[in-house]
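Chemist: So the sequence shown is numbered by my numbering: it starts at 30 and just counts up by one. We put the CB at the ideal spot given by N, CA and C, even for glycine. Model, not experiment: these values are computed from the prediction. Structure in structure tokens, see below.
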Amino acid sequence: MELCDMGIKKHNLIKLPDSFGVRGRIIIRTYRVGTKKLLRELIVPNLVVSSSDHGRNLIAQRLAGTNTYTLNITHGEIGTGTATPLNNDTALQTPTLRKAKTLESVSNNIVTIQFFMSDAELADGTYNEFGTFVDGSATIGTGQLFNRALFATPYIKASGEDTTVEVEFTIT
């Protein structure tokens with residue numbers, strides 16, 4: 030049956046965008062310890078995962094009224110794993126440090142969450158992955174993974190450097 034046959038005029042229908050989703054990126058900034066002197070910046074896309082009780086599935090649960098998890102991103106982890114992020118990821122491959130968020134903001138449909146790691150907290154070394162967690166604690170691996178990124182160019186942290194990881198989510 031055609032729309033016109035049902036009494037609905039085609040010109041009254043609203044065309045919705047073909048895609049809706051959550052996309053994100055991670056910006057890692059390195060500063061000279063104790064200063065705001067920017068030494069380098071690395072920008073990488075990330076995957077908002079979608080397995081049961083993780084990532085996009087948590088958004089769907091909240092929309093349906095299932096409030097088991099708050100959907101509040103509380104912690105971020107950086108690690109040395111090199112596996113490609115997948116929708117069914119539930120943790121980082123090799124997490125090495127977990128930090129509580131230090132700053133958050135919302136501007137229209139963009140959420141920005143920041144994590145600060147001092148020179149003393151983040152060991153010198155090479156890092157390849159980062160992820161955020163909903164309802165986590167200070168213990169590595171707690172909470173529900175929301176997103177995970179694999180750095181195309183490894184992040185190499187050296188002595189005398191503070192690190193800020195900024196995670197930006199755009200709802201489209």
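1. As a quick exercise: from Arg177, Ala152, Asn86, pick the residue whose alpha carbon is nearest that of Arg54.
2. Let me check one thing: in DSSP terms, what residues is His104 bridge-paired to?
3. May I ask which residues mark the beginning and end of the alpha helix (DSSP H) holding Ile203?
4. Would you call the region 73-80 and the region 165-177 touching, i.e. three or more CB-CB distances under 8 Å?
5. Out of Leu67, Gly172, Val196, which one is the CA nearest neighbour of Ile139?
6. Of the residues Thr193, Phe144, Arg127, Val135, which one's Cα is nearest the Cα of Thr168?
7. Tell me which residue opens and which closes the beta strand (DSSP E) that Gly53 is part of.
8. Please state whether DSSP places Ile37 in a helix, a strand or coil.
9. Could you pull the DSSP bridge partners for Gly154 from this structure?
10. Helix, strand or coil for Ala181 per DSSP?
11. State yes or no: is the C-beta of Gly170 within less than 8 Å of the C-beta of Thr103?
12. List the residues that DSSP assigns as beta-bridge partners of Asp191.
13. What residue range does the beta strand (DSSP E) around Asn75 cover?
14. Measuring only the C-alpha atoms, how far is Glu70 from Ile56?
15. Taking all protein chains shown into account, decide if Glu150 is buried (16 or more other Cβ within 10 angstroms of its Cβ) or exposed.
16. Could you tell me the distance, in whole angstroms, from the CA atom of Gly63 to the CA atom of Lys186?
17. Assign Pro124 to one of three DSSP states: helix, strand, or coil.
Modeler: Taking the geometry as given:
1. Checked all of Arg177, Ala152, Asn86; the closest Cα to Arg54 is Arg177.
2. The bridge partners DSSP lists for His104 are Ala129, Phe162.
3. This structure leaves residue 203 out entirely; the chain is present only between 30 and 201.
4. Short answer: they touch.
5. The shortest C-alpha separation from Ile139 is found at Val196.
6. Distances from the CA of Thr168 to each of Thr193, Phe144, Arg127, Val135 were compared; the closest alpha carbon is that of Arg127.
7. Annotation: the continuous beta strand (DSSP E) that includes Gly53 extends over 51-61.
8. Low confidence applies to Ile37: its pLDDT is 48, below 50, so where it sits in the model is not reliable enough to give any reading.
9. Gly154 is bridged to Lys186.
10. The answer is strand: DSSP assigns Ala181 an E or B state.
11. At least 8 Å separates the beta-carbon of Gly170 from that of Thr103.
12. Tyr60, per the DSSP bridge assignment.
13. In this chain, the beta strand (DSSP E) harbouring Asn75 covers 67-77.
14. Pairing Glu70 with Ile56, the inter-Cα distance amounts to about 7 Å.
15. Per the 10 Å Cβ criterion, exposed.
16. If I take the Cα positions, the gap works out to 15 Å.
17. Three-state DSSP puts Pro124 in a strand.
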